[in-house]
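Protein chains in written order, with my numbering: chain A, 1055 to 1315; chain B, 1055 to 1315.
Virtual Cβ for every residue (Gly too), placed ideally from N, Cα, C.
Just so we're clear, the structure is a prediction, and the values are computed from it rather than from any experiment.
Working notes for the structure below.
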């Protein structure tokens, strides 16, 4: 974030200090082309001067409670965490219908998805307290797809983690551009990511020689890490505390490998 | 192990103390029906009086260097680790041809597999320093199949871990008997466990409502944790240091969940 952006954020009263005084969170305005985007940043003022960075890509509803919670959890773990805004400032769907209508065009325009997430990646890499060689990206549902597209863009990202992300890829040959490691955390009963889509993803990764891992969690449907999704598996999206805990641990182990100094 | 068996083992000079003086290893003679079996036990003399137990089921060559190494690693981690002998005392195939001929009949006779592994499970549960309510089983290749069969037998095992195990099951309905949790650590390029077998396994677990997880590791073929398998993936079996390290960590995380006090 440059000085002007910081001044704007400060003027807007967006500098917030949590109960643990050393964790700073703030919204960050930045641009992709002419589109104004509003991301969410958090970090610990203590610790090393240069920390690893983690991009946290929102689900189809845009940056909301789940995204912010994850950003803050990662900041407490010592990462500079940043939720990039894929949709644009103020574009925050209020329900599933709006979210579907907003996300839909992005699924069909992966080039735009890559530009939007790259803008966030570059903003995070520019942060003065970030080691730009140690940046990973995670994403939820829609954001899992976005995080995978960041890898496929050829960005210099150390690792990508998809939580119940959509795995389809209109341009499988782009998997050859992936530079970092890929971890897919998948609900074994996710109706939006059926076995055939998982198989196609595995074949894509194999053909490209990517370092990838896929974990399937039993009893977990779409959105299994999102408390706000409720607990009715029959709806196709539901929170699952066991899969949430296990998948977060898998991410921690992955970060210990790909973000180590 | 009862007092007589201990005395026999001691008389045979099989009580060995490793460089870390507190780790004890010894062979253990026991029986299934009229068949004499010779397992391998290790534990730390320090630590709590009752420890969790881990059964370590050998690959198709029987109890050998890999099995003993894993038993000792687990003992150092605080478990009472025991390699049950599925084949019988002295039945130790020297090459792949002998191993295939020895293992083959067991793949076709799962009832015998269950009796053999249950005998080892019961022997471990009887050890005076084992908490019989906290026993898990792991297994390698052939032994992965055996560990899964222990679960399907309805044994009171807290968790089962298959390392590059064969996943097929002639009696999928038996998955309903599984009491503990199941973790499958799978080489994504394993020619002996193709995607269709993985899919059938997932469907078996889903139908039975088992708590299961499956991790697929890229670039890993059969036997990916076994150093003795060499490093030529084109042979279908080969060691993979990355997948070995990752899968061991996944097992540690799983044990932290299922074997906690």
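Is residue i near residue j, with beta carbons less than 8 Å apart?
{"i": "residue 1188 of chain A", "j": "residue 1107 of chain A", "result": "yes"}
{"i": "residue 1082 of chain B", "j": "residue 1192 of chain B", "result": "no"}
{"i": "residue 1277 of chain B", "j": "residue 1283 of chain B", "result": "yes"}
{"i": "residue 1113 of chain B", "j": "residue 1194 of chain B", "result": "yes"}
{"i": "residue 1234 of chain B", "j": "residue 1312 of chain B", "result": "yes"}
{"i": "residue 1134 of chain A", "j": "residue 1184 of chain A", "result": "yes"}
{"i": "residue 1231 of chain B", "j": "residue 1260 of chain B", "result": "no"}
{"i": "residue 1272 of chain B", "j": "residue 1265 of chain A", "result": "yes"}
{"i": "residue 1263 of chain B", "j": "residue 1237 of chain B", "result": "no"}
{"i": "residue 1177 of chain A", "j": "residue 1084 of chain A", "result": "yes"}
{"i": "residue 1217 of chain A", "j": "residue 1279 of chain A", "result": "yes"}
{"i": "residue 1116 of chain A", "j": "residue 1147 of chain A", "result": "yes"}
{"i": "residue 1156 of chain B", "j": "residue 1171 of chain B", "result": "no"}
{"i": "residue 1122 of chain B", "j": "residue 1077 of chain B", "result": "no"}
Where do the N-terminal and C-terminal ends of the beta strand (DSSP E) with residue i fall, by residue?
{"i": "residue 1094 of chain A", "result": "1089-1098"}
{"i": "residue 1106 of chain B", "result": "1105-1111"}
{"i": "residue 1237 of chain A", "result": "1235-1241"}
{"i": "residue 1274 of chain A", "result": "Here residue 1274 of chain A belongs to no beta strand (DSSP E), and DSSP marks it neither H nor E."}
{"i": "residue 1216 of chain A", "result": "1213-1217"}
{"i": "residue 1134 of chain B", "result": "1134-1137"}
Contact check, residue i vs residue j under 8 Å by CB: the rounded distance?
{"i": "residue 1224 of chain B", "j": "residue 1300 of chain B", "result": "The Cβ separation is near 30 Å, so there is no contact."}
{"i": "residue 1079 of chain B", "j": "residue 1096 of chain B", "result": "4 Å"}
{"i": "residue 1198 of chain A", "j": "residue 1220 of chain A", "result": "6 Å"}
{"i": "residue 1287 of chain B", "j": "residue 1275 of chain B", "result": "5 Å"}
{"i": "residue 1190 of chain A", "j": "residue 1309 of chain A", "result": "6 Å"}
{"i": "residue 1268 of chain A", "j": "residue 1252 of chain A", "result": "7 Å"}
{"i": "residue 1143 of chain B", "j": "residue 1091 of chain B", "result": "6 Å"}
Under the rule that 16 or more other beta-carbon atoms within 10 Å means buried, what is residue i, buried or exposed?
{"i": "residue 1057 of chain A", "result": "Low local confidence applies: a pLDDT of 49 at residue 1057 of chain A is under 50, so the model's placement there is unreliable, with the coordinate-based value given in what follows. Exposed is the call here."}
{"i": "residue 1211 of chain A", "result": "buried"}
{"i": "residue 1315 of chain B", "result": "exposed"}
{"i": "residue 1167 of chain B", "result": "buried"}
{"i": "residue 1304 of chain A", "result": "buried"}
{"i": "residue 1124 of chain A", "result": "buried"}
{"i": "residue 1070 of chain A", "result": "Reliability fails at residue 1070 of chain A, whose pLDDT of 46 lies under 50, so the model's placement of it is uncertain and the value that follows must be treated cautiously. It is exposed - the Cβ of residue 1070 of chain A has fewer than 16 other Cβ atoms within 10 Å."}
{"i": "residue 1258 of chain A", "result": "buried"}
{"i": "residue 1203 of chain A", "result": "buried"}
{"i": "residue 1074 of chain B", "result": "Low confidence applies to residue 1074 of chain B: its pLDDT is 44, below 50, so where it sits in the model is not reliable, and the reading given next is rough at best. Classification for residue 1074 of chain B: exposed."}
{"i": "residue 1101 of chain B", "result": "exposed"}
{"i": "residue 1099 of chain A", "result": "exposed"}
{"i": "residue 1295 of chain A", "result": "exposed"}
{"i": "residue 1256 of chain B", "result": "buried"}
{"i": "residue 1306 of chain B", "result": "exposed"}
{"i": "residue 1281 of chain A", "result": "exposed"}
{"i": "residue 1105 of chain A", "result": "buried"}
{"i": "residue 1153 of chain B", "result": "buried"}
{"i": "residue 1137 of chain A", "result": "buried"}
{"i": "residue 1244 of chain A", "result": "buried"}
{"i": "residue 1250 of chain A", "result": "exposed"}
{"i": "residue 1227 of chain B", "result": "exposed"}
{"i": "residue 1297 of chain A", "result": "buried"}
Just to make sure I have the definition right: I need the residues of chain C whose C-beta is within less than 7 Å of the C-beta of residue i. Which are they?
{"i": "residue 1266 of chain A", "result": "Considering every chain present, this structure includes no chain C. Its protein chains are A and B."}
In terms of residues, what are the limits of the alpha helix (DSSP H) holding residue i?
{"i": "residue 1079 of chain B", "result": "Where residue 1079 of chain B is concerned, there is no enclosing alpha helix (DSSP H), although the beta strand (DSSP E) it sits in stretches over 1077-1086."}
{"i": "residue 1316 of chain B", "result": "Lying before the first or after the last residue shown, residue 1316 of chain B is absent from chain B, which here runs from 1055 to 1315."}
{"i": "residue 1183 of chain B", "result": "That residue, residue 1183 of chain B, is in no alpha helix (DSSP H); it is neither H nor E in DSSP."}
{"i": "residue 1313 of chain B", "result": "Note, residue 1313 of chain B: premise wrong, no alpha helix (DSSP H); not H, not E."}
{"i": "residue 1294 of chain B", "result": "Element bounds for residue 1294 of chain B: n/a, residue is neither H nor E."}
{"i": "residue 1025 of chain A", "result": "Not covered by the structure: residue 1025 of chain A. The range shown for chain A is 1055 to 1315."}
{"i": "residue 1253 of chain A", "result": "1249-1262"}
{"i": "residue 1124 of chain A", "result": "1119-1130"}
For a test of your reading of the model: does the CB of residue i fall under 7 Å from any non-hydrogen atom of the ligand SAH? Yes or no.
{"i": "residue 1110 of chain B", "result": "Here there are no bound small molecules, and the ligand SAH is not part of this structure."}
Subject >> Where the stretch 1205-1227 of chain B meets chain A: residues whose CB sits under 7 Å from a CB there >> reply: Near chain A, meaning a CB-to-CB distance below 7 Å, no residue of the stretch 1205-1227 of chain B qualifies.
Original post:
Of all the residues that make up the stretch 1241-1262 of chain A, which are near chain B by a beta-carbon distance shorter than 8 Å?
Top reply: Of all residues in the stretch 1241-1262 of chain A, the ones placed with a Cβ closer than 8 Å to any Cβ belonging to chain B are 1242, 1243, 1249, 1253, 1256, 1259 and 1260, in chain order.
Original post:
If contact means a Cβ-Cβ distance below 7 Å, which residues of the stretch 1228-1240 of chain A contact chain B?
Top reply: For the stretch 1228-1240 of chain A, the beta-carbon criterion of a distance under 7 Å to any beta-carbon of chain B is satisfied by none of its residues.
**OP:** Note down, in chain order, all residues in the stretch 1297-1310 of chain B with a beta-carbon under 8 Å from any beta-carbon belonging to chain A.
**Re:** For chain A, the residues of the stretch 1297-1310 of chain B that bring a beta carbon within less than 8 Å of one of its beta carbons are 1300, 1303, 1304 and 1307, in chain order.
Subject >> chain A contacts made by the stretch 1110-1133 of chain B, where a contact means CB separation under 8 Å >> reply: Under the 8 Å Cβ criterion, the stretch 1110-1133 of chain B contributes no residue.
Original post:
Going along the stretch 1142-1165 of chain A in order, which residues come within less than 7 Å of chain B, judged by CB to CB distance?
Top reply: Those would be none; no residue qualifies.
Subject >> Residues from the stretch 1165-1195 of chain B in contact with chain A, defined by Cβ distance under 9 Å >> reply: From the stretch 1165-1195 of chain B, no residue has a Cβ closer than 9 Å to chain A.
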